[in-house]
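Numbering (the working numbering), first residue to last: 1461 to 1770.
Idealized CB from N, CA, C, for every residue including glycine.
Remarks on the structure that follows.
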Amino acid sequence: MSTQKSLSRRAWAELMLLAGIWGGSFLSTKLALVEVPVVTVVLHRCGWAALVLWAVVLLRRLPLPRDPGTWAAFLVMGVLNNVAPFFLLTWGQLHIESGLASILNATTAVFGVIVASMVFADERLTARKLTGVAIGFLGVTVALGLDAFRQFDPRSTGQLAVLGATLCYALAGSWARARLSHLRPEVAAAGMLGAATLVLIPLTLGLDGVPSLDLSPTTWAAIAYYSVFGTAAAFLLYYRVLSMAGSGNLMLVTLLVPPVAIVLGAVVLGEALPLRAFAGFALLAVGLLILNGTLRLPRKRVIDPASAAD
């Protein structure tokens, strides 16, 4: 049995930093959408991040894959982990608050457990995982509210789009384990973002037209933040924390991102979330803590027949 990794002070500090960076990404995306169309926002995010990560790969002289299969895997990963979820998240934020988007984004871990159990023999659903998944989905249902299931107005559709993004992330996680686990994380991240950029260029030209460079300083600052820091730097930091703390502890970042995004959305954008969003997040947090083993289920007490007879 493998030993569970613990969170050192340094790992905690970097985990908090990662949560802060990702929490700010929701605000910066919302700010960029004031001037920039959805697909163009996604192109900026992937394109600039790809340039940064490829620069890191080349400066470190990291070995590059030579087989066509790996480069094809980059393309699939770029679509699953970047193009599709970034589009759904960004489009969703046109219709819902950035704080609510961050809460629903935490469902990635729940979907990840389900998808992994269907793909990998060593990721089967145990009683603990099933309990965490059930409570997590209950939290999502509460956060969405019953109206989301009764009607498909722009707000309801935006919430469902964000959930669709989390399913894409879950599929991408299993794909990465199956096809890209043999690569250095920096190479895998650069490869998928480069492939995503190649897919997004014709999509952007066809749907949004030639991207405008005549943007306000606020918009350029938002683009720089969510692409360079929220994507490129966050990927590098993500893998650092993963190596130090393990995947179970790293799941805690999904609980730390929403408070940051909620506060920033309230202070900068004046967003106010309904109480059900906070109640749903509380339930989702319990589900995630059960999934990563922080909260343990009570074990059934086995009674010895001999002692029972006494």
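In this structure, DSSP gives Thr-1500 a helical state, which the three-state scheme calls helix. Counting of Cβ neighbours within 10 angstroms places Val-1496 among the buried residues, the total reaching 16 or more. Relative to Gly-1599, the option among Tyr-1685, Gly-1740, Arg-1520 and Val-1746 whose CA is nearest is Gly-1740. Apart from the 5 residues on each side of it in sequence, Glu-1583 sits with its Cβ closer than 8 Å to the Cβ of Val-1573, Ala-1576 and Ser-1577 in its chain, given in chain order. Excluding its 5 nearest sequence neighbours in each direction, Arg-1644 has C-beta neighbours in its own chain below 7 Å: Leu-1522, listed in chain order. Counting only residues of its own chain and dropping the five nearest sequence neighbours on each side, Leu-1667 has a CB closer than 6 Å to the CB of Val-1499. In the DSSP assignment, Tyr-1686 falls outside any alpha helix (DSSP H) and carries neither an H nor an E. Nearest to Pro-1718 by alpha-carbon distance, out of Ile-1481, Glu-1646, Trp-1531 and Leu-1653, is Ile-1481. Counted as a single uninterrupted DSSP element, the alpha helix (DSSP H) harbouring Phe-1738 occupies residues 1735-1751. Assignment of Arg-1521 by DSSP, reduced to helix, strand and coil, places it in the coil class. Secondary structure note for Ser-1616: its alpha helix (DSSP H) is the uninterrupted segment 1614-1639.
Here Trp-1514 really is in contact with Gly-1654; their C-beta atoms are around 6 Å apart, less than 8 Å. Scanning Asn-1565, Leu-1757, Ser-1468 and Ala-1681 for the CA closest to the CA of Ala-1721 turns up Asn-1565.
Looking from the CA of Gly-1651, the closest CA among Pro-1758, Gly-1529, Leu-1757 and Phe-1580 belongs to Gly-1529. Sequence-distant Cβ neighbours of Asn-1542 in its own chain, meaning closer than 7 Å and more than five residues away, are Cys-1506, Met-1652, Leu-1653 and Ala-1656. DSSP, read as helix, strand or coil, puts Thr-1567 in coil.
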